[in-house]
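See structure below.
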Amino acid sequence: MASRDLFLYAGHTYLFYVDRFSGWPAVNRWNSDPSTDQLLPVDLSDIPTRRHHAQERSRAHADVTAVSLAPLSVGDHIRIQNHLTKLWDDTGWVTKKRGRPYLVRSSNTRLKWRNRRFIRPFYEEVVQDESQTPVDLPTTEPLKRKSPRNPKPVIQYQS
């Protein structure tokens, strides 16, 4: 933030301004009185090209971390993200695709338009056969601390 004042003293025009953060004042003397005749004309010819280059830089910056998702086909079984809770708690099927959005039929038979970002393929849970015995993994000792200091005990508060 800055404060400024334009004033005339002894036939000369001065601009006085103060930076409010640092408190340093500055005084500039103008050689002639400012007027609208001395304004520089605005060059509007290169604005579209500068805007286009700025959009390209912005797009390139966004594409660095962008991840494209694999397209889904009609009839795929999918999970649908709840837009309020952000949980993937609904399932459904893709019924139609139009550009980016997909028309999906949810498990409660409602039709919804959703972008690919909010739907993902549904994979059935793998059920392990009871005939296969689970493999016991070897237990390892906890890693030793590099510091000789003992850790603080965990205090659990009960209400």
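Oh and the sequence shown: position 13 is 13 in full-length UniProt numbering, straight run, nothing missing. Each residue gets a CB set at the ideal place from its N, CA and C atoms; glycine is no exception.
Between residue i and residue j, what straight-line distance do the alpha-carbon atoms span, to the nearest angstrom?
i       : j       : result
Val-74  : Ala-60  : 32 angstroms
Asp-46  : His-53  : 11 angstroms
Arg-20  : Ala-26  : 12 angstroms
Leu-143 : Gln-156 : 24 angstroms
Lys-152 : Glu-141 : 20 angstroms
Residue i: buried (16+ other C-beta within 10 angstroms of its C-beta) or exposed?
i       : result
Thr-80  : With the sequence shown as reference, residue 80 is identified as Ile, and Thr is not the correct amino acid for it. Looking at its Cβ environment, which holds 16 or more other Cβ atoms inside 10 Å, Ile-80 is buried.
Tyr-102 : buried
If distances are taken between C-alpha atoms only, which option among the options comes closest to residue i?
i           : options                              : result
Lys-96      : Gln-156, His-77 and Thr-49           : His-77
Arg-116     : Pro-148, Tyr-123, Val-104 and Pro-25 : Val-104
residue 161 : Ala-10, His-12, Asn-28 and Gly-11    : The chain is shown from 1 up to 159; residue 161 falls before or after that span and cannot be answered.
Leu-8       : Ser-22, Tyr-17, Trp-24 and Trp-30    : Trp-30
Within the 8 angstroms Cβ cut-off, does residue i reach chain D?
i       : result
Tyr-123 : Protein chain content of the structure displayed is limited to a single chain, and chain D is not contained in it.
In the DSSP assignment, find the unbroken beta strand (DSSP E) run with residue i in it and report its ends.
i      : result
Arg-79 : 77-80
Ile-47 : Careful: Ile-47 lies outside any beta strand (DSSP E), inside the alpha helix (DSSP H) at 47-63.
Gly-92 : 90-97
Could you pull the start and end residues of the alpha helix (DSSP H) that residue i belongs to?
i      : result
Thr-85 : Run containing Thr-85: none; DSSP gives neither H nor E here.
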